[in-house]
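Count along the sequence shown starting at 1, add 693, and that's the number in this note's numbering.
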Amino acid sequence: MRIRATVAAVSGALALSALAVPAAHAAGPSTYRADVAKVFQAAQSPSAAKTGISARVAADEDMPYDLDVTFSNLKVAKALKVGTAGHVSTTITYTMKFGADVDVRAKDFFTGPYLYKGSFDRPQNVLFGDDPASCSVTSQTTANCKGKIDIYPADGELRNAEAGSWRAGAVAVAYNGQDLESNDIDFSKVGIAEKGGLGTTLVQRNSKLTTSAKPKPVKKGKSVTVSGKLSRANWESGKYSGYSGQAVKLQFRKKGTTTYKTLKTVKTNSTGALKTTVKSTADGYYRFSFAGTSNTPAVNAPGDLVRVKK
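Below is the structure:
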């Protein structure tokens, strides 16, 4: 089971505590995310149940206490290219400092990084890892942590409008013997620390670009017609769709050389298609090159060889 973290109705430590579900309930990614879904649903839908977690959340009772943990030095990749299928994973590292009363070696203490779209208090979406981070304790108050963000686009975790800039944060949870599977969990005994705005990254709709040059061969001085298509991942349809109105460079590399030179700039039409003509001069490779945007990565099409005859 994969879930989309629709957390607009949730804010504060309770919402983000779902990012660090104890490994005792994490026999595999599906169980881990099922537990995350349980916490989100309980927090968002107090009327869904009359007992257990949701009832206490509705009454604002037994809320988690502030854990004496802080985060810094977070490092995340500049951009994540996400297609329509498969598994995209990236590693995030950060430093965690903790007070003397926090047992970071406890079996039910967990920490992890996350990415969120929108504001920290009311994020539009949250992405996190299949498992909590692993940490190396370097002193009595400090640990270096490494965790992953795992994205499964085919499972509906992302919407097209969410492409672009995301913020990074980290969370730590001390369950202190409380069982998440129990209806009698006492959240007042659960400690939570969280921090947003520790870094930024781009979550981008992966792009594809093609090039086809004809005729082959071509007489020197005659026109070569170069066509292609720029497309990008549509996370909602699960397919690649044309990217319209984008400036794309037509480039040429003479056979026997290593550098492409730009011949002209062409714009994609309403379906992402490209088509233009140039005069042939020598044997070489034609390709289209897209510089990218904040929500779609740069991409170069493979070169297409055209031989010139006299």
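Backbone N, C-alpha and C define an ideal beta-carbon position, used for all residues, glycine too.
| query | result |
| --- | --- |
| Chain-order list of residues whose beta-carbon lies under 7 Å from that of N766 (same chain, five-residue window excluded) | Y787, T788 |
| Rounded C-alpha distance that separates R726 from T986 | Any reading at R726 must be qualified, since the residue scores a pLDDT of 49, below 50, and its modelled position is unreliable; the value itself is stated next. The alpha-carbon atoms of R726 and T986 are separated by roughly 32 Å. |
| Neighbourhood of K912 by C-beta distance below 8 Å, restricted to the same chain and skipping five residues each side | S973, V1001, K1002, K1003 |
| Span separating the alpha-carbon of G938 from that of G890 | 33 Å |
| Unbroken beta strand (DSSP E) run spanning N818, endpoints | 816 to 821 |
| contact_flag[the segment 844 to 860, the segment 875 to 886] where n(CB pairs < 8 Å) is 3 or more | no |
| Residue closest to K790, alpha-carbon to alpha-carbon, out of K810, K771, T835 | T835 |
| Collapsed DSSP secondary structure at F880 in the structure displayed | helix |
| Assumed close pair D843, D814 - CB separation to whole angstroms, cut-off 8 Å | Contact flag wrong, Cβ pair sits at about 24 Å. |
| A865 (DSSP reduced to helix, strand or coil) | strand |
| Whether A778 touches A847 by CB criterion (8 Å) | yes |
| Own chain residues within Cβ distance below 7 Å of K774, not counting five before or after | Q897, N899, P990 |
| P806 and G884 closer than 8 Å at C-beta | no |
| Ordered list of alpha helix (DSSP H) runs contained in the segment 902 to 926, each at least 4 residues | none |
| Reduced DSSP category for D794 - H, G, I as helix; E, B as strand; rest coil | coil |
| Integer Cβ distance of G965 from S924, believed to fall under 8 Å | 5 Å |
| Through-space distance from G931 to G977, alpha-carbon basis | 36 Å |
| Three-state secondary structure assigned by DSSP to E855 | helix |
| Three-way DSSP call (helix, strand, coil) for D848 in this model | helix |
| Beta strand (DSSP E) segment containing K1010, residue limits | Outside the shown range of the chain (694 to 1003) lies residue 1010, about which nothing can therefore be said. |
| Distance, G892 Cα to N988 Cα | 17 Å |
| Distance CB(L967)-CB(F981) smaller than 8 Å | yes |
| Local Cβ density within 10 Å of D753, reported as buried at 16 or more and exposed below that | Because D753 sits at a pLDDT of 47, beneath the cut-off of 50, its placement in the model cannot be relied upon, and the point is left open. |
| Short Cβ contact (8 Å threshold) for L895 with A772 | yes |
| Close-in-space but distant-in-sequence residues of the same chain around T969 (CB under 7 Å, 5 per side omitted) | V919, L943, K957, V959 |
| Residue closest to Q833, alpha-carbon to alpha-carbon, out of K888, R798, H780, L851 | R798 |
| Span of the beta strand (DSSP E) around D997 | 997 to 999 |
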